[in-house]
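Chains as they are written, first to last, in the numbering used here: chain G, 1 to 250; chain U, 251 to 500.
This is how it looks when you write it as structure tokens:
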């Protein structure tokens, strides 16, 4: 019986700048008698990574420009928050109904460029996305390898909305130790016909699966997925970003 | 230790029109000593449902219209396939680079209106999406309830591409026995702040998770997800479709 398990890591403490997420993960795993293994995928929400990396902005320190001030007034927003979103953006994709869909400097397209005011410790502060989520994932992976000898893959996730569909799901924004996409090009299905849908974004599927464990109210920012044979390799989350030339919804 | 399990159901035979998918599921579960329970989520790929419901078109029976013929010629496509896609569409969302992104009559937005020529038994035939995937899901759920007394939730999935991102993932196109979206509006995070991302599309997350088990090459069109406390209720996949008024990427 083939089976994939999504195991929640309980007991990750409130994260502060400078904290060592890998150490927290190892401690939490150890407390629930879970030995991390090569082949595991450790899925971590962006929020705890951002906090550990000090990607926190106190809105009192932000001087909004004229554009941010005007827009904020029009839509009854906090101008300092709007300014922070603009600073994190490479490009505004849509700006309508008081919603800003931005392309971040990483090339991710999401609301508010990933700037988030939920689950922060201090009111009036917001978190930014990690500067280099692949690097963040690699760092956790290396530390776990050094401590245990096991080489799990690591995925950093964030929660985005989608065009056309209601509700949010988790996406992979950083990847280490695996390829984010499985390519079936040229392979044949059991009936002998060539596979047409060739590429599955398995890192996004793993991210979505992990969210079932994270929940939104619980303190479970880390899940371990076991039993899924991911494509090994030095992947990067950039592979999940569509080439603008081939994107019909820019 | 909280845990969600994604269990693959092996041994579902090649499905033909008129076949009883619920019976296949019960038999496959029984063979691997898996007793279906209330609280389980049975996730089924669209392809086997479509086949069982006879949603198969022999392209030889399709007379393409002028629009389909011209477009097919321009992009070196099969005009009969293009015609079939048009017939399944309520609206063309984008038509560029030889790709047709369509809104189906259910309101789903996807390439080729869900018309699929992979994994069919007979070359020159294609499958259409189920006419009413919620109804398909309900039917499986009822039959399983009648046979076992258990009332699992049922999700029907299909594989779609996404704007902005490479690779495909599985989405929920039919739902029975659960609400597809969990709403955290008004609830508070552990630090006491109100949750801002209020709605999680858990049916889509479950669909994505199940694909990790399905694979593309294996004959595992059904997965059982156990251990996830979904929101019970008479949900419909329509709840996952964004109101056009609020959609910035129509």
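Virtual Cβ for every residue (Gly too), placed ideally from N, Cα, C.
None of these values were measured; they are calculated from a predicted model.
Residues bridged to residue i by DSSP?
i: residue 386 of chain U; result: Answer by DSSP bridge pairing: none, since residue 386 of chain U is not bridged.
i: residue 368 of chain U; result: Paired residue(s): none; residue 368 of chain U is not in a bridge.
i: residue 200 of chain G; result: G:182 and U:418
i: residue 219 of chain G; result: None, per the DSSP bridge assignment.
i: residue 353 of chain U; result: U:341 and U:359
i: residue 375 of chain U; result: U:308
i: residue 43 of chain G; result: G:155 and G:223
i: residue 493 of chain U; result: BP columns for residue 493 of chain U are empty, so no partner.
i: residue 346 of chain U; result: U:349
Establish whether the CB of residue i and some CB of chain G are separated by less than 9 angstroms.
i: residue 347 of chain U; result: yes
i: residue 318 of chain U; result: no
i: residue 428 of chain U; result: no
i: residue 490 of chain U; result: yes
i: residue 253 of chain U; result: yes
i: residue 351 of chain U; result: yes
i: residue 470 of chain U; result: yes
i: residue 309 of chain U; result: no
i: residue 461 of chain U; result: yes
i: residue 344 of chain U; result: yes
i: residue 262 of chain U; result: no
i: residue 431 of chain U; result: yes
Along the beta strand (DSSP E) that carries residue i, what are the first and last residues, could you check?
i: residue 224 of chain G; result: 222-226
i: residue 73 of chain G; result: No beta strand (DSSP E) holds residue 73 of chain G; the alpha helix (DSSP H) holding it covers 66-75.
i: residue 38 of chain G; result: Per DSSP, residue 38 of chain G belongs to no beta strand (DSSP E) and is neither H nor E.
i: residue 418 of chain U; result: 415-426
i: residue 277 of chain U; result: Taken as a continuous stretch (DSSP letters only), residue 277 of chain U belongs to no beta strand (DSSP E), being part of the alpha helix (DSSP H) at 271-281.
i: residue 48 of chain G; result: Residue 48 of chain G -> not in any beta strand (DSSP E); alpha helix (DSSP H) instead, spanning 46-52.
i: residue 308 of chain U; result: 306-308
i: residue 249 of chain G; result: Per DSSP, residue 249 of chain G belongs to no beta strand (DSSP E) and is neither H nor E.
i: residue 253 of chain U; result: 253-259
i: residue 155 of chain G; result: 153-162
What distance in whole Å lies between the Cβ atoms of residue j and residue i, which are believed to be in contact at a cut-off of 8 angstroms?
i: residue 376 of chain U; j: residue 361 of chain U; result: The pair is not a contact, with the Cβ atoms about 13 angstroms apart (cut-off 8 angstroms).
i: residue 155 of chain G; j: residue 206 of chain G; result: 6 angstroms
i: residue 213 of chain G; j: residue 484 of chain U; result: Not a contact, Cβ separation roughly 26 angstroms.
i: residue 451 of chain U; j: residue 430 of chain U; result: 7 angstroms
i: residue 486 of chain U; j: residue 384 of chain U; result: 5 angstroms
i: residue 417 of chain U; j: residue 240 of chain G; result: 6 angstroms
i: residue 162 of chain G; j: residue 341 of chain U; result: Actually they are not in contact, since the Cβ atoms of residue 162 of chain G and residue 341 of chain U sit about 18 angstroms apart, beyond 8 angstroms.
i: residue 354 of chain U; j: residue 339 of chain U; result: 6 angstroms
i: residue 47 of chain G; j: residue 119 of chain G; result: 5 angstroms
i: residue 60 of chain G; j: residue 498 of chain U; result: With 8 angstroms as the limit, residue 60 of chain G and residue 498 of chain U do not qualify as a contact, their Cβ atoms being about 31 angstroms apart.
i: residue 38 of chain G; j: residue 209 of chain G; result: 19 angstroms between Cβ atoms; not a contact.
i: residue 364 of chain U; j: residue 378 of chain U; result: 7 angstroms
i: residue 307 of chain U; j: residue 322 of chain U; result: Not confirmed; about 16 angstroms, so no contact.
i: residue 4 of chain G; j: residue 228 of chain G; result: 5 angstroms
i: residue 11 of chain G; j: residue 223 of chain G; result: Their Cβ separation, rounded to whole angstroms, is 13 angstroms, which puts residue 11 of chain G and residue 223 of chain G out of contact at 8 angstroms.
i: residue 53 of chain G; j: residue 136 of chain G; result: 7 angstroms
i: residue 153 of chain G; j: residue 204 of chain G; result: With 8 angstroms as the limit, residue 153 of chain G and residue 204 of chain G do not qualify as a contact, their Cβ atoms being about 14 angstroms apart.
Is residue i close to chain U, meaning its C-beta is less than 9 angstroms from at least one C-beta of that chain?
i: residue 8 of chain G; result: yes
i: residue 243 of chain G; result: yes
i: residue 104 of chain G; result: no
i: residue 246 of chain G; result: yes
i: residue 42 of chain G; result: no
i: residue 24 of chain G; result: no
i: residue 109 of chain G; result: yes
Considering just the uninterrupted stretch of the alpha helix (DSSP H) at residue i, what are its terminal residues?
i: residue 84 of chain G; result: 79-88
Tell me whether residue i, by its Cβ, gets closer than 8 angstroms to a heavy atom of the ligand NAD.
i: residue 272 of chain U; result: You won't find the ligand NAD in this model; it holds no ligand whatsoever.
Could you please tell me which residues of the segment 123-153 of chain G, in chain order, have their CB closer than 9 angstroms to any CB of chain U? Contact annotation: in the segment 123-153 of chain G, residues whose CB is within less than 9 angstroms of a CB in chain U are 123.
Taking any Cβ of chain U, which residues in the segment 62-91 of chain G have a Cβ under 8 angstroms from it, in chain order? none
Cβ-based contacts, 8 angstroms cut-off: residues of the segment 403-420 of chain U near chain G: 409, 412, 413, 414, 415, 416, 417, 418, 419 and 420
Proximal residues, the segment 447-459 of chain U versus chain G, C-beta separation under 9 angstroms: 447, 448, 449, 450, 451, 452, 453, 454, 455, 456, 457, 458 and 459
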